[in-house]
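Colleague: I'd like to ask some things about the structure below.
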Amino acid sequence: GDPQPTSLHADYTSGRYYINQPPLNDYNSVAQIPWAGIEQVPSRPLTPEKYSIPHVCAKFGPGGQLIKVLPNLPSEGQPALVEIHSMEMVMQHSSEQEEMRAFPGPLTKDDTHKVDVINYAQNKATRCSQNDALIDKESARLLWDFVVLLCRQNGTVVGTDIAELLLQDHKTVWLPGKSPNEANLIDFTNEAVDHMPEESGEAQLSFLTDSLIATIDSLEKETERFRELLLYGRKK
């Protein structure tokens, strides 16, 4: 007899739906077309080159060495040369190298002797006093004397130590009411001089000399007393 009609659901569940449908021959037609090959272009950086021509490259290495690469191009058959120099030999006749050799370093607790550091600081202080090119020789020497003090007392100082250091070899005496810059000036405007009667030239000179000597002696005693008070830590 005639075949019974079947529903779409029945054909799908039984698998006959795809079998009864015509094949999709054009489904993979695009995939069957071969793609044209794309030429690969090597990528290049967009930033400009820092150096357009060969140049020397130098670096400092360990142990005081200078590493220098010569400006050769191995791609063009030039040998790649590297030079190693000793900075001690390059700068052996310079003043900086002489100071480096005199420096008792590296400063380590177990290997460095305190006496060597003290002698080095004392030599630097003496050289500062003898160097006329320094603007303030006294201050430069004072800094090295302070280093000597720190080394001798293992880094422990108090106010009296600093006061003694500041007043060491300090002989400047100035008159009351005058600034330290006027210390070496003689003040002839004393009240005693103004009211002194007119006498002979020798008598006036003798009076001025005796008055000046007495004033200087008194100021020296007062300065010594002031120095002692400072050394004992007195601030007022």
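The sequence shown begins at 2 in the numbering used here and counts up one residue at a time.
Using N, Cα and C, we set each Cβ at its ideal position, and we do this for glycine too.
Since the structure is predicted, the reported quantities are computational estimates derived from the model, not experimental observations.
1) On the CB-based measure, 16 or more other CB atoms within 10 Å of its CB, does alanine 122 come out buried or exposed?
2) If you draw a straight line from the alpha carbon of arginine 228 to that of leucine 143, how long is it in whole angstroms?
3) Reducing DSSP to helix, strand and coil, say where glycine 62 ends up.
4) What's the C-alpha gap between alanine 126 and valine 83?
5) With DSSP run on the structure shown, which of helix, strand or coil describes leucine 82?
6) When you compare the CB positions of isoleucine 68 and alanine 59, do they come within less than 8 angstroms of one another, or not?
7) Can you give me the C-alpha to C-alpha distance between isoleucine 85 and proline 75, rounded to a whole angstrom?
8) Under three-state DSSP, which class holds valine 70?
9) What separation, rounded to the nearest whole angstrom, lies between the Cα atoms of methionine 101 and glycine 65?
10) Contact check, aspartate 146 vs leucine 166 under 8 angstroms by CB: the rounded distance?
11) Using only the alpha-carbon positions, how far apart do valine 57 and valine 91 sit?
12) I'd like to check one pair, valine 118 with proline 107: are the Cβ atoms closer than 8 angstroms?
13) So, alanine 141 versus cysteine 152, is the Cβ gap smaller than 8 angstroms?
14) Going by DSSP in three states, serine 87 sits in which element: helix, strand or coil?
Modeller: To lay it out plainly:
1) buried
2) 18 angstroms
3) strand
4) 43 angstroms
5) coil
6) yes
7) 19 angstroms
8) Valine 70: strand per DSSP, three-state reduction.
9) Using only the alpha carbons, I get a separation of about 12 angstroms.
10) 6 angstroms
11) 18 angstroms
12) no
13) no
14) strand
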